[in-house]
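Going by this note's numbering, the first residue of the sequence shown is number 1, and it counts up by one from there. Take a look at the structure below.
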Amino acid sequence: MRVIICDDNASERAHFRKIMEEVAAEEEIDVDILEFEDAKPLIFEMEDFIATTDIILLDIHMPGMNGMEAADKLRKNKYKGEILFVTVSKNYMLNAFDVHAFNYIVKGETQAEKSKEVIRELFEAADEKRKEYILFTGVGEYRNIPISSIRYFEVNGKILTVHYGSKTFEFVSTIGKVENVLYGKGFVRVHRSYLVSIAAVKSFVYESLTLVDGTIIPIGRKHYKELKEEMTKRVII
1 MRVIICDDNA
11 SERAHFRKIM
21 EEVAAEEEID
31 VDILEFEDAK
41 PLIFEMEDFI
51 ATTDIILLDI
61 HMPGMNGMEA
71 ADKLRKNKYK
81 GEILFVTVSK
91 NYMLNAFDVH
101 AFNYIVKGET
111 QAEKSKEVIR
121 ELFEAADEKR
131 KEYILFTGVG
141 EYRNIPISSI
151 RYFEVNGKIL
161 TVHYGSKTFE
171 FVSTIGKVEN
181 VLYGKGFVRV
191 HRSYLVSIAA
201 VKSFVYESLT
211 LVDGTIIPIG
221 RKHYKELKEE
231 MTKRVII
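Written as structure tokens, this is what we have:
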């Protein structure tokens, strides 16, 4: 899990790093923590790993760009992870909702145990959010895709293409590996070259299936039985 701490005060950064490392160790979470003392470099650097960052802890009162402005920019740049504010004042509390912040900690007021509890809940929320997305690595690009938006995967040689929403994305992997990652999340192998979301299937016959968007996908002979079993589980009448 990648975490960023942005605070212009070095001792505060060290304080929150210590709490986060303690919670991560207790929860057996592998965490990578990066530190920034200024929000502007953070915004610039985030262009490279916005899709791979799970948590950002932001000090609100910083010289130059404050934490609230930084959070607004991050959301406009499509950052989907959790934001936790740390502040010396409660005056910005209502503004935190505008950028969908997870919570806030008031420096000097929030007790140590309460801060630790908030950060533990923050890690849990970030972990749940990670489960809802799958990160793909293409040529010079990362793509973080909501699992619910994926219709199917197809393979051509060593290249896999994920079809989601109205978009596609190519990456290098094996369809077997993707199938294992998505095990239990509503996907079924229907052909040596296709992995399909069951929710996207409109109808099927022995040799092919039709997705809700009209796409027709072949069904491999040895995969028909599994597809039929999975679809039968969803029969309600």
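Cβ atoms here follow ideal geometry from the backbone N, Cα and C, with glycine treated the same way.
Item: Rounded straight-line distance, which links the Cα of glutamate 82 to that of valine 31; Value: 15 angstroms
Item: Three or more C-beta pairs below 8 angstroms linking the region 6-25 and the region 34-46; Value: yes
Item: Coarse secondary structure for leucine 58, derived from DSSP in three states; Value: strand
Item: Test item: CB-CB of arginine 143 and serine 197 under 9 angstroms; Value: no
Item: Distance, glutamate 113 Cα to valine 201 Cα; Value: 49 angstroms
Item: Buried/exposed call for alanine 10, threshold 16 Cβ in 10 Å; Value: exposed
Item: For asparagine 180, the first and last residue of its enclosing alpha helix (DSSP H); Value: 175-181
Item: Per DSSP, cross-strand counterpart(s) of asparagine 103; Value: Leu84
Item: Reference glutamate 132; option with closest CA among Glu124, Tyr224, Ile147 and Glu141; Value: Ile147
Item: Contacting residues, own chain, Cβ-Cβ under 8 angstroms from asparagine 77 (five flanking each side not counted); Value: Ile43, Met46, Glu47 and Ile50
Item: Endpoints, beta strand (DSSP E) assigned at threonine 52; Value: Per DSSP, threonine 52 belongs to no beta strand (DSSP E) and is neither H nor E.
Item: Alanine 39 burial status per 10 Å Cβ neighbour count (16 or more: buried); Value: buried
Item: Status (buried if at least 16 other CB within 10 Å, exposed otherwise) for phenylalanine 97; Value: exposed
Item: Run of the beta strand (DSSP E) containing arginine 189, from where it starts to where it stops; Value: 187-191
Item: Reference serine 89; option with closest CA among Phe102, Val99 and Lys107; Value: Lys107
Item: N- and C-terminal bounds of the beta strand (DSSP E) containing histidine 163; Value: 159-164
Item: Candidates Phe123, Thr215 and Glu179: closest to glycine 165 by CA position; Value: Thr215
Item: Reference alanine 71, options His100, Phe204, Thr87 and Phe169, closest by Cα; Value: His100
Item: Identified DSSP bridge partners for aspartate 32; Value: Arg2
Item: Rounded separation between valine 139 and lysine 167 - CA only; Value: 16 angstroms
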